[in-house]
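One structure is given below, encoded as structure tokens.
There are 2 protein chains.
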Amino acid sequence: MSATTPAGVLPLSAEEEAVMRALGRLMLVLPRALNHDLEQGQRMTASEYSVLRNLSESEHGLMRMSELAQACDMSLSGMTRLAAKLESHGYVQRIKCEDDARGWNAVLTEKGLARLREAWPTHLASVRRRIFDHLGDLDLQSLAKALNAIAGEA
Amino acid sequence: MSATTPAGVLPLSAEEEAVMRALGRLMLVLPRALNHDLEQGQRMTASEYSVLRNLSESEHGLMRMSELAQACDMSLSGMTRLAAKLESHGYVQRIKCEDDARGWNAVLTEKGLARLREAWPTHLASVRRRIFDHLGDLDLQSLAKALNAIAGEA
DNA sequence: CCTAGTTTTTTGCTTCGTCAAGCAAATAGT
DNA sequence: ACTATTTGCTTGACGAAGCAAAAAACTAGG
Chain Y
1 MSATTPAGVL PLSAEEEAVM RALGRLMLVL PRALNHDLEQ GQRMTASEYS
51 VLRNLSESEH GLMRMSELAQ ACDMSLSGMT RLAAKLESHG YVQRIKCEDD
101 ARGWNAVLTE KGLARLREAW PTHLASVRRR IFDHLGDLDL QSLAKALNAI
151 AGEA
Chain S
1 MSATTPAGVL PLSAEEEAVM RALGRLMLVL PRALNHDLEQ GQRMTASEYS
51 VLRNLSESEH GLMRMSELAQ ACDMSLSGMT RLAAKLESHG YVQRIKCEDD
101 ARGWNAVLTE KGLARLREAW PTHLASVRRR IFDHLGDLDL QSLAKALNAI
151 AGEA
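Quick note, the sequences are listed as chains Y and S, same order.
Residue numbering for the first sequence follows full-length UniProt numbering, starting at 1 and increasing by one per position.
Residue numbering for the second sequence follows full-length UniProt numbering, starting at 1 and increasing by one per position.
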């Protein structure tokens with residue numbers, strides 16, 4: 001049993017088909033794997049890690065909620081809840097924005113930064129093991145370029 | 001503010017760093033984008049699509065629940081629920097396994113196959129637009145190989 | 001300056017998917 | 001044949017995250 005090619009749509013070439021299948025599998029498997037490593041090794045989800053990392057790379061470890069949500073590619077509501085959770089653990093603090101009383105800044109605390117530094121090696125090792133150990137002598141530069149091309153738009 | 005390189009872990013090279021960031025973003029953005037297209041255009045989630053597709057590619061449009069769960073990279077319980085939902089829409093039927101009374105086969109119905117064929121062009125267009133339109137003249141074969149290498153293990 | 005519309009964040013509700021526990025059938029050991 | 005273990009699937013309880021609507025504060029036009 002199989003789905004035949006529909007009319008009016010250019011079918012994928014064999015190579016494209018292969019890329020698509022690989023990508024499909026990749027999108028499914030890799031996030032789970034990395035998440036798993038982080039959860040097992042550090043009791044931390046990928047979302048949480050992403051928040052800490054984004055904050056740590058921001059100007060003063062400080063970001064508006066909306067900005068942060070966008071950076072982590074989450075909904076605002078999701079970020080509200082995640083930030084609340086991180087705040088309850090003392091990794092993040094939310095302080096009122098001075099120039100706009102509607103706004104809040106999420107700020108990375110010392111404890112939060114320490115947590116990130118603690119988690120970072122685990123994540124790094126995970127990335128090495130899951131990804132780069134399998135890449136052989138592939139040209140990383142063009143790979144990065146390709147991935148960015150895809151991720152950039154979307 | 002930034003996380004410094006931790007002791008005892010080989011840091012990533014600049015190229016690796018770039019690949020990792022791109023991959024991170026890709027894993028976050030692409031599944032959402034494809035899912036979004038499918039939901040908007042076809043009122044169908046990626047998981048549902050995955051079930052129909054996997055069934056359609058199986059021997060007689062028939063798979064054991066456990067097999068199907070594995071193919072779709074879901075937990076068995078998740079698949080139970082998803083199959084129940086698809087069954088309620090008439091896209092799938094669950095029939096008792098003959099040679100093992102514990103087992104159930106998920107079977108793709110005519111309606112299910114029709115639904116897949118209906119959704120396929122949408123998905124194809126989505127994949128074209130989100131992925132291949134951005135890939136330029138990149139060597140697809142080695143890309144597929146790289147992606148498979150990563151996804152294969154994990 | 002006040003009223004109408006916009007933006008920023010939070011809250012309510014729903015959906016999806018996981019884990020843990022359970023039931024029922026199959027298989028193995030005695 | 002009878003008990004013990006394992007396997008296949010379902011169910012219950014729960015967490016994560018999304019959307020839609022509310023709440024609060026800003027901005028502009030009259």
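Glycine included, each C-beta is placed from N, C-alpha and C at the ideal position.
Given the structure is predicted, the values throughout are model-derived calculations rather than measurements.
Asn105(S) is a Cβ neighbour of Leu62(S), given a cutoff of 7 Å. Residue pairing from DSSP places Val92(Y) in a beta bridge opposite Leu108(Y). For Glu118(S), same chain residues with a beta-carbon under 6 Å away, outside a window of 5 residues either side, do not exist. For Ala146(Y), the closest Cβ of chain S is nearer than 7 Å. Beyond the five residues adjoining it in sequence on each side, Glu87(Y) comes within less than 7 Å, by CB distance, of Gln93 and Arg94 in the same chain, given in chain order.
The beta carbon of Ile150(Y) sits closer than 7 Å to some beta carbon of chain S. Scanning its chain for C-beta atoms nearer than 8 Å, with the 5 sequence neighbours on each side dropped, one finds around Leu30(Y) the residues Arg130 and Ile131, in chain order. Counting along the chain, the unbroken beta strand (DSSP E) around Arg64(S) starts and ends at Leu62 to Arg64. DSSP places Leu34(Y) in the uninterrupted alpha helix (DSSP H) bounded by Ala14 to Gln42. Annotation for Glu59(S): no alpha helix (DSSP H) segment contains it, and DSSP assigns it neither H nor E.
Listed along chain S, no residue sits closer than 7 Å to Met44(Y) by beta-carbon distance, the nearest being about 14 Å off.
For the set Met20(Y), Gln141(Y), Ser50(Y) and Ala14(Y), the Cα lying nearest the Cα of His123(Y) is the one of Ser50(Y).
Residue Met74(S) holds the alpha-carbon nearest to the alpha-carbon of Arg32(Y) among Leu52(S), Met74(S) and Arg53(S). Secondary structure note for Leu138(S): it is in no alpha helix (DSSP H), with a DSSP letter that is neither H nor E.
Per the C-alpha coordinates, the member of Thr80(S), Ala83(S) and Leu147(S) positioned closest to Leu140(Y) is Leu147(S). Taking the Cα positions, Lys145(Y) is about 14 Å away from Ser142(S). Between the alpha carbons of Asp37(Y) and Lys111(S) lies a gap of roughly 40 Å.
Against chain Y, the beta carbon of Ser142(S) has neighbours under 7 Å at Leu138, listed in chain order. Check the Cα spacing between Glu16(S) and each of Met20(Y), Asp133(Y), Ile150(Y) and Leu52(Y): the tightest is with Asp133(Y). For Arg25(S), at least one C-beta of chain Y is nearer than 7 Å to its own C-beta.
Minimum Cα-Cα distance from Thr45(S) among the listed residues Leu138(S), Arg115(S), Ala149(S) and Arg128(S) corresponds to Arg115(S). Nearest neighbour of Gly152(Y) by Cα position, chosen from Arg25(S), Ala18(S), Glu59(S) and Val19(S), turns out to be Arg25(S). Annotated as distal: Gly90(Y) and Arg64(Y), with beta-carbon spacing of 7 Å or more.
Within chain Y, the residues Leu124, Val127, Arg128 and Phe132 have their CB atoms less than 9 Å from the CB of Leu12(S), given in chain order. From the listed residues Leu55(S), Ala101(S), Pro121(S) and Leu52(S), the smallest Cα separation to Gly41(S) is found for Pro121(S). Taking CB atoms only, Met79(Y) has no neighbour in chain S less than 7 Å away.
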